[in-house]
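Participant:
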Amino acid sequence: LARCGCVIHNYPENVLMPGERCTMLLKSKGIHDLTLSSWAILMDALKNNSLTMQHITTGNACQRLLASCEPIILGEAPAPESPHTRGWCMFIDGRIDRKGLPRQ
């Protein structure tokens, strides 16, 4: 997606990020690692358009995505009762941090 200049916004908080390993499996199976409740959360986000994709058109912005200077996936803001103060950010190099959207 990053090579095409695409960024995902509002990825659901309680769903494994792409590439994250499920603690119960030795090897990552991609989307098959998700539990049924995670599938439901992801499908709900897609159905009500809270999970969105932005197309980056400027060359400089695309280069920043590919250099892992900017995140390719931005998670939604954590719920008020969440222990986290900020949402997820995932970069093309696989790095994940909690410097995203502030808690609701």
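All residue numbers for the sequence shown refer to our numbering, where the first residue is 1 and numbers rise by one. The beta-carbon is built from N, C-alpha and C at its ideal position, and this holds for glycine as well.
According to DSSP, is glycine 5 helix, strand or coil?
Facilitator: In this structure, glycine 5 counts as coil in the three-state DSSP scheme.
Participant: My assumption, with CB atoms under 8 Å, is that glutamate 76 sits in contact with proline 12. Please give the rounded CB distance.
Facilitator: Contact flag correct, Cβ pair sits at about 6 Å.
Participant: Keeping to the same chain, check which residues put their C-beta closer than 7 Å to that of valine 15; ignore five residues upstream and five downstream.
Facilitator: If we look at valine 15 and ignore the five residues flanking it on each side, its Cβ neighbours are Leu34, Ser38, Ile41 and Leu42.
Participant: Work out the CA separation of alanine 67 and leucine 113 for me, nearest whole Å.
Facilitator: Residue 113 is absent from the structure shown; the chain starts at 1 and stops at 104.
Participant: Determine which residues share a DSSP beta bridge with threonine 52 and list them.
Facilitator: His9.
Participant: Under a three-way DSSP split, which group does proline 64 fall into?
Facilitator: Per the sequence shown, the amino acid found at residue 64 is arginine instead of proline. DSSP places arginine 64 in helix when its eight states are reduced to three.
Participant: Look at the Cβ atom of glycine 5, then the Cβ atom of histidine 55, and state whether they are nearer than 8 Å.
Facilitator: It is a contact, given that the beta carbons lie within the stated cut-off.
Participant: Along the chain, where does the beta strand (DSSP E) containing leucine 74 start, and where does it finish?
Facilitator: Residues 73–75.
Participant: Among Gln63, Ile8 and Ala2, which has the Cα closest to the Cα of glycine 100?
Facilitator: Comparing Cα positions, the closest option is Ile8.
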